[in-house]
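Asker: Pasting a structure below so you can have a look.
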Amino acid sequence: MPPDSMALNGGTAPANHTSGAGHPSGRSHLRTMALGGHVGFDSLPDQLVNKAVHGGFTFNILSIGETGLGKSTLMDSLFNTAFEAGPSTHQEPWVKLKAHTYELEESNVKLKLTLCDTVGYGDQVNKEDSFKSIVNYIDAQFENYLQEELKIKRNLNTFHDSRIHVCLYFVTPNGHGLKSIDLVCMKKLDTKVNIIPIIAKADTVNKQELSKFKAKIMSELLNNGVQIYQFPENDDTIASTNKSMNSQLPFAVVGSTEFVKVGQKTMRARQYPWGVMGFTDSEKPSSFAEQYTLRRENHLTSLQAKEDEMRQKFVMRVKEKESELKEAERELHSKFDDMKINVSEEKKRVEDQRRILEDNIADFHRRKAQYEAEKANSGHHTLTLGKLGKKK
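Note that this note's numbering gives residue 403 to position 388 of the sequence shown, counting from 1, and the numbers run on in steps of one.
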């Protein structure tokens, strides 16, 4: 029997059983059915790819950095798209987060991209609480996903996952190291989101200073216990690439909204009097090529998986906090019950003392009345005896 067909032992056909025409007596009737397509588990990868392409991908980026460091420009360069971004000022009284979602498509692959920008970050005189609104926003996205996941009738396929998958932290290219606000903010966020530090406007620093600046930043992060995203090296297929990526952290980037023609090719680049810096040339001071590869090709899935791990940690912390609160609630109930008993006993004791006092007061008034009555009777007898003596 050929491999692409299937024989079914249908037995003798009921219609022909009585007539016996066309079939020898005692022989079963074999029916052959052709398969509709290829059958085999080797098609599972294709099925997963088709499902992923049909459903599309979701990716959420949080950009943190001071106003004017080129966060929006870098996003335009990364995805080769002119995103909507209004002008920002340095007059914001507090840090605000603005999220915009875009539907992108490249080679029939759909991507729902959410870009979240921190407006006014680092512009305040008192920067002590600059990180709080960012932490609250990230926690709120975790909570929204958790509430959807806890529903009895949940549909995570259609639910918009707004959890932040990666945080691009833009460092001011001052050449001296990280500011206090950078260390405090990254320390507050390193357990909640994947942090990738980026040196913005790297063309303002020469190559030697840039190397020293990178080493200074990594040393300060290590000394202050700040955990940044490390590209996984446990996959042999991309281990060497990821190891090279980790050695180049923090990335030095330059963005541009201008297109410059270099030879026969037009590309995003910056035009200088001494030359052109293109964003696909990894030999230039900007490590934009590595960043581009990171965002759009190799590490989107790993960043999402890392974010899922952080969500699990968040859920565990929530459960631990709930357990602590329940234990504290039990203790409070126990203390409340003890206080209730103590108050009841104290109330009973006071009532007993009140009754005793009332009985004592009543006895006092009774004895007082009796005393006054006896005293009145005694004075009446004395007066009578005096009158009788005068008559004699």
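C-beta: ideal position from N, C-alpha, C; glycine also. Owing to the predicted nature of the structure, the values given are computational and were not obtained by experimental measurement.
1. Around the Cβ of S87, are there at least 16 other Cβ atoms within 10 angstroms (buried) or fewer (exposed)?
2. Excluding the 5 residues flanking I232 on each side, which residues of the same chain have their C-beta closer than 8 Å to its C-beta?
3. Check this for me: beta carbons of I79 and Y184, under 8 Å apart or not?
4. Report the option in L93, G290, D367 whose CA atom is closest to the CA atom of G270.
5. What three-state label does DSSP hand P18 in the structure shown?
6. Quick check: what's the CA-CA separation for D91 versus L347?
7. Express the C-alpha separation of G70 and L130 in angstroms, rounding to a whole number.
8. Report the start-end ranges of each alpha helix (DSSP H) in the segment 135-170 that is 4 residues or longer and not cut off at the edges.
9. Pop quiz: S177 and N159 are said to be a contact at Cβ under 8 Å. What is the actual Cβ separation, rounded to whole angstroms?
10. Once the 5 residues before and after S393 are set aside, which same chain residues still bring their CB inside 7 Å of it?
11. Given a cut-off of 8 Å, decide if I253 and V181 are closer than it, judged by their beta-carbon atoms.
12. The alpha helix (DSSP H) that contains I179, what's its start and end?
13. Just to confirm, are V110 and T82 a CB contact at a threshold of 8 Å?
14. Are Q286 and V268 closer than 8 Å when you measure CB to CB?
15. Report the three-state DSSP secondary structure of D205 (helix, strand or coil).
16. Could you have a look at K299 and say whether DSSP puts it in helix, strand or coil?
17. Identify whether P108 lies in helix, strand or coil by the three-state DSSP scheme.
18. Using C-beta distances below 8 Å, list every residue in its chain close to V124, excluding the 5 sequence neighbours before and after it, in chain order.
19. Taking the beta carbon of R421 as the centre, do at least 16 other beta carbons fall within 10 Å, making it buried, or is it exposed?
20. What did DSSP end up calling N221 once you bin it into helix, strand or coil?
21. Distance, Cα to Cα, E99 vs R283?
22. For L59, which residues from the same chain have a beta carbon less than 8 Å from its beta carbon, with the 5 sequence-adjacent residues on both sides left out?
23. Based on Cα-Cα distance, which residue from D218, F56, V140, G55 lies nearest to W13?
24. So for H385, helix, strand or coil by DSSP?
25. For the alpha helix (DSSP H) containing N65, list its first residue and its last residue.
26. Taking DSSP's pairing of strands, which residues face F266 in a bridge?
27. What would DSSP say about V199, mapped onto helix, strand or coil?
28. Using the rule of at least 16 other Cβ atoms within 10 Å of the residue's Cβ for burial, across every protein chain shown, is M354 buried or exposed?
29. Quick one: grab the DSSP three-state call for L77.
30. May I have the straight-line CA-CA distance separating P108 from Q139, to the nearest angstrom?
31. Could you check what DSSP says for F98 in three-state terms: helix, strand or coil?
32. Would you mind reading off the limits of the beta strand (DSSP E) that contains K280?
33. Return the chain-ordered list of same chain residues with a C-beta closer than 6 Å to the C-beta of Y117, the five sequence neighbours on each side being excluded.
34. Let me know if D418 comes out buried or exposed under the rule of 16 or more other beta-carbons within 10 Å of its beta-carbon.
35. Under DSSP, the beta strand (DSSP E) around V277 begins and ends at which residues?
36. Look at L84 and K216 and say whether their C-beta atoms are less than 8 Å apart.
Answerer: On the basis of the data shown:
1. Taking the sequence shown and counting its residues from 1, the one referred to as residue 87 is at position 72. Label assigned to S87: buried.
2. Position 217 of the sequence shown holds residue 232. Taken in chain order, the residues that qualify are V186, G192, L193, P212, I214, P265.
3. Within the sequence shown, numbered from 1, the residue matching residue 79 stands at position 64. Within the sequence shown, numbered from 1, the residue matching residue 184 stands at position 169. Yes, Cβ-Cβ distance for I79 and Y184 is below 8 Å.
4. The residue labelled residue 270 in the question sits at position 255 within the sequence shown. With distances taken between Cα atoms, G270 lies closest to L93.
5. Along the sequence shown, one-based indexing puts residue 18 at 3. Reliability fails at P18, whose pLDDT of 47 lies under 50, so the model's placement of it is uncertain and the value that follows must be treated cautiously. Here P18 sits in coil by DSSP.
6. In the sequence shown, the residue the question calls residue 91 occupies position 76. In the sequence shown, the residue the question calls residue 347 occupies position 332. Their Cα atoms are separated by approximately 55 Å.
7. Here the question's residue 130 lines up with position 115 in the sequence shown. Here the question's residue 70 lines up with position 55 in the sequence shown. Rounded to the nearest angstrom, the two C-alpha atoms are 20 Å apart.
8. 147-165
9. Counting from one through the sequence shown, the residue named residue 177 turns up at place 162. Counting from one through the sequence shown, the residue named residue 159 turns up at place 144. Correct: roughly 6 Å between the Cβ atoms.
10. Taking the sequence shown and counting its residues from 1, the one referred to as residue 393 is at position 378. Nothing meets the Cβ criterion.
11. As a first step, residue 181 must be located in the sequence shown, where it is residue number 166. As a first step, residue 253 must be located in the sequence shown, where it is residue number 238. Not a contact, by the Cβ cut-off of 8 Å.
12. As a first step, residue 179 must be located in the sequence shown, where it is residue number 164. No alpha helix (DSSP H) contains I179, which DSSP labels as neither H nor E.
13. Position 95 of the sequence shown, counting from 1, holds the residue named residue 110. Position 67 of the sequence shown, counting from 1, holds the residue named residue 82. Cβ distance not < 8 Å, so V110 and T82 don't count as in contact.
14. The residue given as residue 286 occupies position 271 in the sequence shown. The residue given as residue 268 occupies position 253 in the sequence shown. No, they are not a contact pair.
15. As a working mapping, residue 205 is identified with position 190 in the sequence shown. Note: D205 maps to coil in three-state DSSP.
16. Within the sequence shown, the letter at position 284 stands for residue 299. Note that K299 scores 43 on pLDDT, short of 50, meaning its location in the model is unreliable and no value can be drawn from it.
17. Translated into positions along the sequence shown, residue 108 becomes position 93. In this structure, P108 counts as coil in the three-state DSSP scheme.
18. Within the sequence shown, numbered from 1, the residue matching residue 124 stands at position 109. Cβ neighbours of V124 beyond the five flanking positions: V68, G71, F72.
19. Here the chain comprises residues numbered 16 to 407, so residue 421 is not present and cannot be evaluated.
20. Sequence index remark: in the sequence shown, residue 221 carries index 206 (1-based). Coil.
21. Stepping through the sequence shown from its first residue, residue 99 is reached at position 84. Stepping through the sequence shown from its first residue, residue 283 is reached at position 268. Each residue's Cα considered, the two are about 18 Å apart.
22. As a first step, residue 59 must be located in the sequence shown, where it is residue number 44. Hits under 8 Å: none found.
23. Examination of residue 13 is not possible in this model, given that the chain is present from 16 through 407 alone.
24. Indexing the sequence shown from 1 puts residue 385 at position 370. Just to set this straight, residue 385 is Gln in the shown sequence, not His. Three-state DSSP puts Q385 in a helix.
25. Locating residue 65 in the sequence shown gives position 50, counting from the first residue. Where N65 is concerned, the enclosing alpha helix (DSSP H) stretches over 59-70.
26. Translated into the one-based positions of the sequence shown, residue 266 becomes position 251. Partner(s): I213.
27. Sequence index remark: in the sequence shown, residue 199 carries index 184 (1-based). In this structure, V199 counts as helix in the three-state DSSP scheme.
28. Translated into positions along the sequence shown, residue 354 becomes position 339. Per the 10 Å Cβ criterion, exposed.
29. Mapped onto the sequence shown, residue 77 falls at position 62. Correct three-state label for L77: strand.
30. The residue given as residue 108 occupies position 93 in the sequence shown. The residue given as residue 139 occupies position 124 in the sequence shown. Distance between the alpha carbons of P108 and Q139: 6 Å.
31. In the sequence shown, the residue the question calls residue 98 occupies position 83. In the structure shown, F98 sits in coil (DSSP, three-state: anything other than H, G, I, E or B).
32. Walking along the sequence shown from the start, residue 280 turns up at place 265. Unbroken beta strand (DSSP E) run through K280: 280-287.
33. As a first step, residue 117 must be located in the sequence shown, where it is residue number 102. L128, listed in sequence order.
34. There is simply no residue 418 to check, as the chain begins at 16 and stops at 407 in what is shown.
35. The residue labelled residue 277 in the question sits at position 262 within the sequence shown. Run containing V277: 274-277, per the beta strand (DSSP E) assignment.
36. Position 69 of the sequence shown, counted from the first residue, corresponds to residue 84. Position 201 of the sequence shown, counted from the first residue, corresponds to residue 216. It is a contact, given that the beta carbons lie within the stated cut-off.
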